[in-house]
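> The sequence shown begins at 30 in our numbering and counts up by one. From the three backbone atoms N, C-alpha and C, an ideal C-beta is built for every residue, glycine too. Let me begin by handing over the structure; questions about it come next.
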Amino acid sequence: NNNQFFAKETGTISAVDGLKVSIKKEDGSIFEQELLPGADIVVQVGEEVKKDDPLTTNPNVGGFGQAEKEVVLQDMNRVYAYCAISFSIFLSQLSFVLKKKQ
30 NNNQFFAKET
40 GTISAVDGLK
50 VSIKKEDGSI
60 FEQELLPGAD
70 IVVQVGEEVK
80 KDDPLTTNPN
90 VGGFGQAEKE
100 VVLQDMNRVY
110 AYCAISFSIF
120 LSQLSFVLKK
130 KQ
């Protein structure tokens, strides 16, 4: 499940039972809306909702990889190895270019 659920009717929340939310409409009838597991229900009994108001949290917000972070090399030996590999690649590319010019 990766969907956010919205109210399909306007009214008052009359019951929240597991994954079912009951909405009492203006005319007194009760509309039951089923939700899928995964997202957290954010409405409570007695709360007024309008059509298309969110009933659950958006499960697509947040999570892994959504914050900009800097790369952290934990060990100085890794930094030295990175520098050595980069320098050796630079030298090999330079030698290829110079050999081509001969």
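1) For a quick check, are the C-beta atoms of P83 and F125 less than 7 Å apart?
2) With respect to the beta strand (DSSP E) encompassing V71, which residues constitute its N-terminal and C-terminal limits?
3) Distance, Cα to Cα, N32 vs N87?
4) Quick check on this structure: which residue in K37, L65, P66 has the alpha carbon closest to the alpha carbon of K53?
5) Rounded to whole angstroms, how far is the Cβ of V108 from the Cβ of I70, which I believe are closer than 8 Å?
6) Identify every residue that forms a DSSP beta bridge with T85.
7) Rounding to the nearest angstrom, what Cα-Cα distance links V74 and S51 in this structure?
8) Spell out whether any CB of chain D is found under 7 Å from the CB atom of E38.
9) Using CA coordinates, which residue listed in K79, I42, Q131, I118 is at the minimum distance from V72?
10) For the beta strand (DSSP E) holding Q62, just list the boundary residues, first then last.
According to the data block:
1) no
2) Looking at the DSSP string, V71 is not in any beta strand (DSSP E), and its letter there is neither H nor E.
3) 7 Å
4) K37
5) No, V108 and I70 are not in contact; Cβ-Cβ is about 48 Å, not under 8 Å.
6) I70
7) 9 Å
8) Annotation note: the requested chain D is absent from the structure, which comprises a single protein chain.
9) I42
10) 59–63
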